[in-house]
Amino acid sequence: MIFLPRGYDTLRTVSSLDSILLNTPLHSIPGIGDRSIGHYERLGLRNAGDLLKHLPLRYEQELAEQTIEQAHEAVSNGEDAHLALRGTIEALRHARGRRPRLEATLEDATSSARLVWFNAGWITGKLHPGMEVVVTGRGSLYKGHLQMTNPRFTLLHDSEPDPEARDAALRPIYPGSEDLSSARIERVLKPILEPLCRQIEDPLDQHYRTSRTLIPLADAYRWIHAPDTMEQWQRARNRLAFDELLLMQLAVMMRRHQLRDRLRAPALRWDDSLDARIRERFPFALTAAQSRVIREIASDLSRPAPMNRLLQGDVGAGKTAVALYGMLAAVASGHQATLMAPTEILAEQHLASIRHMLTGSDVTIELLTGTLSERERAGRLERIANGEIDIVIGTHALLTQSVSFKSLALAVIDEQHRFGVTQRAALRGKGEEPGSVPHVLVMTATPIPRTLSLTLFGDLDVSVIDERLPGRTPPITRVVGPGKRPDVYGYVAERLRLGEQAYVVVPAIDESDLGLADVNSHLKFLTQGPLAGCTLEAMHGRLDPETRDGVMNRFRSGATQCLVATVVIEVGVDVPNATLMVVEHAERFGLAQLHQLRGRIGRGTQRSVCALIGEPRTTDAERRLEAIGSTTDGFLISELDLEIRGPGELFGARQSGMPPLKIADLMRDAELLNAARSDARAWIERSPELGAPDEQLLRNKVLALYGDALGLGDVG
């Protein structure tokens with residue numbers, strides 16, 4: 011059925027609907043005037059195809075229509091006042107005053123009702139006496155008469171079906187704005203929905219659709235916008251969600267194939283004697299989980315196809331030792347290795363721990379960051395280029411064009427979620443010559459749910475260290491309200507006097523209007539109050555490198571008892587004697603972030619305690635604090651975080667470089683994701699470039715969505 015906005019020349023408009031194409035601009039679409047184009051564009055809508063892909067948020071069950079007399083009786087008896095009335099507009103009146111309003115009288119064969127709209131300028135010119143309408147909304151009694159305030163209305167035409175056909179229809183509710191209501195979007199889209207659907211080309215043939223019980227793509231768009239039943243909506247949604255997941259999986263499988271088929275990396279020597287030599291360098295025995303992952307990595311490194319592997323491990327699992335094993339294997343084969351960290355603090359931490367593990371070794375290790383002097387930087391760049399430095403540890407400074415390696419065989423990227431596809435490609439470009447690239451190992455202490463790793467990091471093989479290092483005691487976590495703050499700091503003071511150390515984490519560097527604890531004010535509060543007599547220092551991202559190094563060195567040596575810090579200590583800081591952590595305004599932090607912060611303690615054998623002081627004001631904040639207080643399992647926390655925040659928030663497109671999913675839900679659609687991944691793998695094995703004539707539409711869709719994000723045109 012077609013509803014047309016009033017004022018159209020019906021015959022002319024209906025005959026011109028077939029001329030609306032998917033790329034028809036907004037100004038040529040009936041019902042969109044020049045003044046409203048901007049409202050649509052602010053929603054990302056620029057043509058008819060965008061309108062078609064602007065999907066409803068939800069649906070409202072339209073009520074079965076009543077006569078006005080029946081509705082009056084129902085409201086008088088106190089029954090549910092949600093009404094749907096059909097009738098004719100008999101009178102209109104604009105009432106001025108403190109609250110301007112439009113009043114109308116609606117009549118049917120049984121009685122009349124009063125309709126009132128406040129701030130109703132948008133209705134002007136759309137309602138006229140004699141029009142037949144259906145109005146929906148809440149009813150009430152006003153001076154004994156039935157009244158509806160701010161009801162929605164639909165204009166009816168001669169082509170409108172009988173009232174029985176309108177019973178229990180599903181009305182789409184679209185994402186809108188203050189200037190563009192769902193109803194306006196619906197009125198514009200309804201008349202052009204069918205002409206647009208007839209133009210849709212389906213990238214999946216009938217045989218494939220049948221094998222996966224998928225409806226045609228055109229039907230999916232018809233039913234998603236105008237479902238007759240919830241079953242129709244579900245089938246439409248499944249088709250659109252599956253397409254989204256399939257295109258994404260085809261893209262990552264194409265990238266995997268291109269990396270392995272077109273590019274070459276140094277094939278490193280690895281045997282039992284080399285394995286024994288490298289293990290001797292570590293001042294501790296590797297765990298079974300570390301050894302298993304090392305075998306996976308070594309197997310990759312021994313092949314000429316570039317390794318592209320994600321190493322996951324919870325806080326304290328020993329990922330750095332595994333990465334160092336790979337880097338030493340590269341050096342043993344006469345090549346270089348590099349490790350890129352997201353912050354200078356973490357890079358310096360890696361440098362210190364690796365130098366400690368390689369005490370007495372001939373392997374040369376140096377740091378390359380953006381804060382080196384020009385003279386230091388020039389000297390290190392020259393030594394990197396001529397191969398004098400075996401292992402280079404650095405930050406984003408490694409990505410600059412001036413950094414050139416003599417023979418880079420392995421690039422390790424720490425805290426993968428801080429970097430994206432672009433950074434991985436830039437490091438891969440540091441190979442000796444075109445077509446030759448280093449192996450890449452990316453690692454993260456932020457466990458990634460399997461469903462999410464298949465999407466954001468689907469071009470990577472995944473290894474998991476699922477075992478904590480021996481001799482480490484997981485911290486005890488307590489979630490308390492602000493009223494318990496004196497007790498918390500009293501306990502901290504007592505433990506500090508026994509020679510232990512603590513972190514106090516606050517959400518801000520400077521004082522803000524939000525009333526949040528900041529570094530300087532909180533440092534003053536603690537030194538003059540509950541921690542008076544203790545040695546405290548501040549740590550945050552604005553400190554210059556020399557000051558920051560001094561603060562960290564004093565804390566590591568035990569000269570400083572307590573660090574008052576921002577989340578700059580979230581990753582990489584390793585001080586086994588630090589057994590206490592207090593997080594102020596814990597409700598302001600994300601779940602994974604709280605887990606990372608907590609990972610700074612519990613790195614020794616002593617009892618560790620993490621106190622989260624929070625006052626959650628939202629359900630999500632309550633769930634985060636409840637979750638962090640109930641488990642220390644990072645993989646379980648990652649699943650809970652995905653459930654609470656969703657994938658778009660947990661690892662946004664900005665970090666990953668991947669376009670966000672608009673329809674599919676990774677938690678709800680796990681079965682669809684597995685099916686799409688299985689099909690995509692088989693498809694790319696059969697047709698690596700999607701080059702067959704009947705695959706061109708599919709290929710074009712993949713490249714349009716993911717070509718830039720995944721570098722499918724230039725994977726090097």
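According to the numbering used here, the sequence shown is numbered sequentially starting from 11.
Beta carbons are placed, not taken as given, at the ideal position from N, Cα and C, and that holds for glycine.
CB-CB under 6 Å to Ile210, same chain, minus the five flanking residues each way: which ones, in chain order? Same-chain partners within the cutoff: Leu227 and Ala228.
By DSSP's criteria, Pro35 is part of a beta bridge. Which residues make up the other side? DSSP, once it has assigned bridges, lists Asn57 as partnering Pro35.
How would you label Leu508, buried or exposed, when you count the other beta carbons within 10 angstroms and need 16 or more for buried? Here Leu508 is exposed. Its C-beta has fewer than 16 other C-beta atoms within 10 Å.
Figure out for me which residue from Ala298, Leu53 and Met264 has the closest Cα to the Cα of Asp189. When each option's Cα is compared against that of Asp189, the closest is Leu53.
Sufficient close CB pairs (3 or more, under 8 Å) joining the region 90-97 to the region 55-74: At 8 Å Cβ cutoff, the stretches touch.
Taking the Cβ atom as the reference point for each residue, do Pro66 and Tyr184 lie within a distance shorter than 8 Å? When the beta-carbon positions are compared, Pro66 and Tyr184 come within less than 8 Å of each other.
Quick check on the DSSP output: the beta strand (DSSP E) that includes Asp471 runs from which residue to which? Counted as a single uninterrupted DSSP element, the beta strand (DSSP E) harbouring Asp471 occupies residues Asp471 to Ile475.
Should Val592 and Val502 be called a contact, given that it needs their Cβ atoms to be closer than 8 Å? In contact: Val592 and Val502 (Cβ atoms closer than 8 Å).
Using only CA atoms, which one of Glu142, Trp127 and Glu477 lies nearest to Ala299? Nearest Cα to Ala299 within the set Glu142, Trp127 and Glu477: Glu477.
Other residues of its chain near Met263: CB distance less than 6 Å, five sequence neighbours each side excluded: Result list for Met263: Ala690, Arg691 and Ile694, in chain order.
If Arg438 sits next to Val447, beta carbons under 8 Å apart, how far is it from one beta carbon to the other, in whole angstroms? Their Cβ separation, rounded to whole angstroms, is 5 Å, which keeps Arg438 and Val447 in contact under 8 Å.
With DSSP collapsed to three states, give me the class of Ala602. Helix at Ala602.
Expressed to the nearest angstrom, what Euclidean distance is found between the alpha-carbon atoms of Arg245 and Ala236? Straight-line spacing of the CA atoms in Arg245 and Ala236 works out to 13 Å.
Reduced DSSP secondary structure (H/G/I, E/B, other) of His155: Judged by DSSP in its simplified three-state form, His155 adopts strand.
Could you have a look at Ala436 and say whether DSSP puts it in helix, strand or coil? Assignment of Ala436 by DSSP, reduced to helix, strand and coil, places it in the helix class.
Enclosing alpha helix (DSSP H) for Arg266 [first to last residue]: Unbroken alpha helix (DSSP H) run through Arg266: Met240 to Arg272.
Do Ile475 and Ala327 count as a contact pair if the criterion is CB distance below 8 Å? Yes; because the gap between Cβ atoms is below 8 Å, this pair is in contact.
Coarse secondary structure for Thr728, derived from DSSP in three states: Absent from the structure is residue 728, since the part of the chain shown begins at 11 and ends at 726.
Answer with buried or exposed for Gly662, where buried requires no fewer than 16 other C-beta atoms within 10 angstroms of its C-beta. Any answer about Gly662 is weak, because its pLDDT of 44 lies below 50 and its placement is not dependable; what the coordinates show is given next. When all chains shown are included, Gly662 counts as exposed.
What residue range is occupied by the uninterrupted beta strand (DSSP E) comprising Asn318? Asn318 -> beta strand (DSSP E) spans Asn318 to Gly323.
Helix, strand or coil, according to DSSP, for Thr348 in the structure here? Thr348 falls in the strand class under three-state DSSP.
Per DSSP, Ile401 forms a beta bridge with which residues? Ile401 is bridged to Ala347 and Ile375.
Output yes or no for whether 8 Å exceeds the beta carbon distance between Ile288 and Leu321. Going by C-beta atoms, Ile288 is not nearer than 8 Å to Leu321.
Buried versus exposed call for Phe128 [16 or more other C-beta atoms within 10 Å across all chains shown]: It counts as exposed.
Closest Cα partner of Arg194 within the set Met158, Thr164, Leu180 and Phe599: Ranking the options by Cα distance to Arg194, first place goes to Thr164.
How long is the line joining the alpha carbons of Leu311 and Ser343, rounded to whole angstroms? Leu311 and Ser343 have their alpha carbons spaced roughly 11 Å apart.
Jot down the residue ranges of each uninterrupted alpha helix (DSSP H) in the region 65-108, minimum 4 residues, whole runs only, in chain order. You should have 78-86.
Could you compute how far the alpha carbon of Ala419 sits from the alpha carbon of Thr381? The alpha-carbon atoms of Ala419 and Thr381 are separated by roughly 26 Å.
Excluding the five sequence neighbours on either side, which residues of its own chain have a C-beta within less than 6 Å of the C-beta of Pro276, listed in chain order? Excluding residues within five positions, the ones whose Cβ falls inside 6 Å are His345 and Ala419.
N-terminal and C-terminal residue of the beta strand (DSSP E) that Cys207 is part of: Annotation for Cys207: no beta strand (DSSP E) segment contains it, though the alpha helix (DSSP H) segment containing it runs Ser192 to Cys207.
Burial state of Glu625 (16 or more Cβ within 10 Å): Under a 10 Å Cβ-count criterion, Glu625 is classified as exposed, with fewer than 16 other Cβ atoms of the shown protein chains found around its own Cβ.
Restricting to Cα atoms, I'd like to know which of Arg56, His49 and Asp44 is closest to Asn33. Among Arg56, His49 and Asp44, the Cα nearest to that of Asn33 belongs to Arg56.
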